[in-house]
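>
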Amino acid sequence: MDSMGRQLHILERQEHSSEKTVMLRRFAKEGMALQTVGAHGLAELIRRIEQKLPLDLTPEQIHSFIELGCLLERQARAEDNVGDEN
889 MDSMGRQLHI LERQEHSSEK TVMLRRFAKE GMALQTVGAH GLAELIRRIE QKLPLDLTPE
949 QIHSFIELGC LLERQARAED NVGDEN
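Shown next as structure tokens:
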């Protein structure tokens with residue numbers, strides 16, 4: 889590859905890297921927005937539980953809540969235990 893070809897290749901890589909950075913930032917922002925929506929939905933379900941109102945959840949939704957709750961708890965406990973192996 890000649891000097892001009894190398895420079896073009898470097899510019900293409902930089903452009904790709906820049907586009908990827910923009911995409912990753914957008915994904916992070918959208919992920920945070922989805923977590924906000926989820927937190928509001930969860931807060932609404934908790935309010936309904938406290939008021940002893942029905943949740944109107946399907947068995948699949950209940951299963952998903954249990955599964956995700958267990959996963960989050962396991963991940964949090966694993967991080968709490970990092971360095972405790974001694």
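Note that this note's numbering has the sequence shown beginning at 889, numbered continuously upward.
Each residue gets a CB set at the ideal place from its N, CA and C atoms; glycine is no exception.
Could you round the C-beta distance between R936 and L943 to whole angstroms and report it? I think they count as a contact, below 8 Å.
In the sequence shown, residue 936 corresponds to position 48, counting from 1. In the sequence shown, residue 943 corresponds to position 55, counting from 1. That belief holds up - the Cβ atoms of R936 and L943 are roughly 6 Å apart, short of 8 Å.
> In three-state terms, what does DSSP make of T946?
In the sequence shown, the residue the question calls residue 946 occupies position 58. Three-state result, T946: coil.
> Measuring straight from C-alpha to C-alpha, what distance separates H928 and A964?
Position 40 of the sequence shown, counting from 1, holds the residue named residue 928. Position 76 of the sequence shown, counting from 1, holds the residue named residue 964. Their backbone Cα atoms lie some 21 Å apart in a straight line.
> L941 by DSSP, collapsed to three states: which one?
Along the sequence shown, read from residue 1 onward, the residue named residue 941 stands at position 53. Reduced to three states, the DSSP call for L941 is coil.
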